[in-house]
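Protein chains: 2
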Amino acid sequence: MGSDSSPEILFDAVLKAAELHPALSMLVFIPQESSEDFQKKIPSHMHVKCIAVQQEILMEDHPLEAIRRKPLSSLVQGIQYLKDKKIDAFVSAGNTGALIAAATLNIPLLPNIKRPALLITMPAEKGNVSIIDAGGNITCTAEHYVQFAQLGALFQKSIEKTTCPNVGLLNVGIEPLKGHHELRKAYQELQQYVETWRLKKIDLPLNFIGNVEGKDVFCGNVDVVVTDGFTGNILLKSCEGISSLIFKLLRNQLGNSEHFDAIEKLFDHAESPGGLLCGLERIVVKCHGNVTPRSMLSGISGAVHFIQQNLIERMKAHFSLFS
Amino acid sequence: MGSDSSPEILFDAVLKAAELHPALSMLVFIPQESSEDFQKKIPSHMHVKCIAVQQEILMEDHPLEAIRRKPLSSLVQGIQYLKDKKIDAFVSAGNTGALIAAATLNIPLLPNIKRPALLITMPAEKGNVSIIDAGGNITCTAEHYVQFAQLGALFQKSIEKTTCPNVGLLNVGIEPLKGHHELRKAYQELQQYVETWRLKKIDLPLNFIGNVEGKDVFCGNVDVVVTDGFTGNILLKSCEGISSLIFKLLRNQLGNSEHFDAIEKLFDHAESPGGLLCGLERIVVKCHGNVTPRSMLSGISGAVHFIQQNLIERMKAHFSLFS
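Take a look at the structure:
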């Protein structure tokens, strides 16, 4: 577990996570100057150990330069521990680009996958919808979109237990010729992919429902929304923005009401399990939004859930049926 | 006024608009087969006249092909009437691409503007925020982004009466190097543009606040959000989707409550004045979302408001100060 955010934010989240998950062992990659202080504050019954790191990757750092120049940062160290199987999952609130770069260069990818992508889940009318990519890859080729569709479907089968997930390609209209060239190509390739499966007359790995528009994301008819990391990030964050405004206005109008507290919680990014760096043979979770103790705790709990659900093994097992 | 949607939807909206705005004269471009029937149903005190059209542009039609092959459609006819100044504004719920193509080819553009862009307004923490482009141009160059920034600022000054609008570039992070090449270039060019103005030591036409993320769109610190039509369309429609889900869940939980009816209305796309095709020397309004009598009525009312506010003349006057 690591982060490049203020150590105080970690303190609180790590202690709460240790309380919530008593069987959990945590390594905290933490700046040298805070490391000793923090270690002293950890109650002896908790399995939490601090590992002092000497460098820090900043949000404005260029991803590839940062991981090359700062091998002693929490981010690079955490990925190294994961690579060496010293930890089962790595949770970070650091520079997304650097996290993806470090993971891509060090962690094995799932079979036939070229790039990991950030997968996040959001509440929809029936269960959760997965958005992939939600911020990993700014531009994508048709091939990437097809792989994201497969990864999203695998995740949805493994975690949300959806038998044959409905996968849609996020676009500005439902017609196959909408959007830019790579999206149109991805539409055709996904159609062919599913058609090939149909001819095999065995269970389909996913059901490609064609293009979906922004308004369709939350309607419950689509389980996996495939997009590039630029669009996915804008979708995710603008939805956070508008839902936070709606609940603020409601609170001003109606005062505090436990009746809508539960609904607000559904849409609160700090309650989400964070983004999964999907496509890797290890669990890497990117903490959601502006990191707070609550969102960091949700990220840790998300990682614990993915471990308990045996996510990677399930995805690999499904994958062997896919190809 | 024209639309390629079912004439029944027009019937209701046009009659309501005529009631709401008694001084308004409307021409309805309507399929020949419905034209006579409709004309008979219009009360004699209303200034509404039907114009029969012989062709129909479909949603799946290729924009440029459609306007060339279907010169007798409501869309092409409406733009022609607008070009000839037989009408002051044209409202359509038809094929967006075809509408933009027909407008670009026929209606003069504002000074130094190369392409019109769809501008929509959404509620934010303080007043309304304008999103431009919300669906016109799938890909944009740095030059387009800069022009959209100017158009958005002009609109915001003219309609929302914002003195020096805060303009942000929609991106996946606030750092100047985030996003793709054209966005990074647009960031620099907008900075230079504002700097040039600062040196003149007169009132700035706009205040470039740098990159904004999706979560910042509704926070009230930004008046104009500049983006390409692909991203803008996804932002707009996914926000519609999530707000409609939130209010559905609230209604299930709390029952009908007039306390949140007013807030729901704020976020209901059918209540919005529709998208303005911004950058033209005439008023073209694209009706919002799935066209319903209510959203068509909002579109007509939006056009009336823009005429009453003398939008085009105001924008032109501001423009002469801008360049």
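Residue numbers (numbering that gives the first Met the number 0), protein chains in the order written: chain A, 0 to 322; chain B, 0 to 322. We treat Cβ as the ideally placed atom computed from N, Cα and C, and that holds for glycine.
Confirm, please, whether the CB-CB distance from residue j to residue i is below 9 angstroms.
{"i": "A:V223", "j": "B:S237", "result": "no"}
{"i": "A:E142", "j": "A:K113", "result": "yes"}
{"i": "B:E55", "j": "B:S72", "result": "yes"}
{"i": "A:L153", "j": "A:F318", "result": "yes"}
{"i": "A:L88", "j": "A:V290", "result": "The residue asked about is misnamed: residue 88 of chain A is Ala in this sequence, not Leu. It is not a contact, given that the beta carbons lie outside the stated cut-off."}
{"i": "A:V166", "j": "A:V225", "result": "yes"}
{"i": "A:Y192", "j": "A:P175", "result": "no"}
{"i": "A:I158", "j": "A:T120", "result": "yes"}
{"i": "A:T162", "j": "A:G126", "result": "no"}
{"i": "A:I50", "j": "A:L23", "result": "no"}
{"i": "A:A97", "j": "A:I131", "result": "no"}
{"i": "B:P324", "j": "B:G278", "result": "Residue 324 of chain B falls outside the range modelled here, since chain B spans only 0 to 322, and no answer is possible."}
{"i": "B:L244", "j": "A:A123", "result": "yes"}
{"i": "A:F208", "j": "B:Q252", "result": "A small fix is needed here, since residue 208 of chain A is Ile in this sequence, not Phe. No. Outside cutoff."}
{"i": "A:N105", "j": "A:Q146", "result": "no"}
{"i": "A:P6", "j": "A:F37", "result": "yes"}
{"i": "A:S242", "j": "B:S256", "result": "no"}
Span of the beta strand (DSSP E) holding residue i?
{"i": "B:M121", "result": "A116 to P122"}
{"i": "A:S129", "result": "N127 to I131"}
{"i": "B:A88", "result": "A88 to S91"}
{"i": "B:P21", "result": "Counting along the chain, B:P21 falls outside any beta strand (DSSP E), and DSSP gives it neither H nor E."}
{"i": "A:L276", "result": "G274 to C277"}
I believe residue i touches residue j by the beta-carbon criterion, under 8 angstroms. Please report the beta-carbon distance rounded to the nearest angstrom.
{"i": "B:Q31", "j": "B:V52", "result": "7 angstroms"}
{"i": "B:H287", "j": "B:S271", "result": "5 angstroms"}
{"i": "A:N220", "j": "A:L168", "result": "Not confirmed; about 14 angstroms, so no contact."}
{"i": "B:A148", "j": "B:L203", "result": "Actually they are not in contact, since the Cβ atoms of B:A148 and B:L203 sit about 12 angstroms apart, beyond 8 angstroms."}
{"i": "A:T230", "j": "B:T138", "result": "About 13 angstroms; that fails the 8 angstroms criterion."}
{"i": "B:A16", "j": "B:L296", "result": "6 angstroms"}
{"i": "B:L109", "j": "B:K315", "result": "7 angstroms"}
Thinking just about the alpha-carbon of each residue, which of the options is nearest to the one in residue i?
{"i": "A:L129", "options": "A:Q307, A:N232 and A:R250", "result": "It is Ser, not Leu, that sits at residue 129 of chain A in the sequence shown. For A:S129, the nearest C-alpha among the options comes from A:N232."}
{"i": "B:F28", "options": "B:A17, B:A22, B:F10 and B:C163", "result": "B:F10"}
{"i": "A:F305", "options": "A:R293, A:V284, A:P292 and A:K84", "result": "A:V284"}
{"i": "A:E212", "options": "B:T140, B:F246, B:G134 and B:D260", "result": "B:G134"}
{"i": "A:C218", "options": "B:K247, B:L203, B:F229 and B:F207", "result": "B:K247"}
{"i": "A:P21", "options": "A:E7, A:M45 and A:K40", "result": "A:M45"}
{"i": "A:Y80", "options": "A:R281, A:D260 and A:E263", "result": "A:R281"}
{"i": "B:N136", "options": "B:T95, B:P107 and B:P164", "result": "B:T95"}
{"i": "A:G274", "options": "A:G151, A:K214, A:G240 and A:P6", "result": "A:G151"}
{"i": "B:E181", "options": "B:M295, B:T140 and B:F207", "result": "B:T140"}
{"i": "B:A92", "options": "B:Q76, B:A123 and B:M58", "result": "B:M58"}
{"i": "B:L235", "options": "A:K214, A:L253, A:F229 and A:Q252", "result": "A:K214"}
{"i": "B:A100", "options": "B:K315, B:L276, B:E35 and B:R313", "result": "B:L276"}
{"i": "B:L19", "options": "B:T138, B:G298 and B:E312", "result": "B:G298"}
{"i": "B:D267", "options": "B:H258, B:N255 and B:S294", "result": "B:S294"}
{"i": "B:L118", "options": "B:Q155, B:E257 and B:D83", "result": "B:Q155"}
{"i": "B:A269", "options": "B:D260, B:E257 and B:P292", "result": "B:P292"}
{"i": "A:Y144", "options": "A:E64, A:G240, A:R197 and A:G228", "result": "A:G228"}
{"i": "B:K85", "options": "B:T103, B:K48 and B:E64", "result": "B:K48"}
Residue i lies in the alpha helix (DSSP H); which residues open and close that run?
{"i": "A:L234", "result": "G228 to L253"}
{"i": "B:I158", "result": "A141 to I158"}
{"i": "B:G135", "result": "First-last for B:G135: undefined, no H or E at that position."}
{"i": "B:N94", "result": "Here B:N94 belongs to no alpha helix (DSSP H), and DSSP marks it neither H nor E."}
{"i": "B:S271", "result": "Counting along the chain, B:S271 falls outside any alpha helix (DSSP H), and DSSP gives it neither H nor E."}
{"i": "A:D260", "result": "E257 to L265"}
{"i": "A:K39", "result": "Q31 to K40"}
Along the chain, which unbroken stretches of the beta strand (DSSP E) at least 3 residues long are found entirely within the stretch 281-316 of chain B? Every beta strand (DSSP E) stretch that sits fully inside the stretch 281-316 of chain B and reaches 3 residues is listed by chain position as 282-285.
task: At 4 residues or longer, and completely inside the stretch 44-72 of chain B: list those alpha helix (DSSP H) runs for me, N to C.
output: Entirely contained in the stretch 44-72 of chain B, the alpha helix (DSSP H) runs reaching 4 residues are, in chain order, 62-68.
| said: I'd like the ranges of any alpha helix (DSSP H) spanning at least 4 consecutive residues and lying wholly in the stretch 160-222 of chain B. | reply: Segments of the alpha helix (DSSP H) lying fully in the stretch 160-222 of chain B: 180-199.
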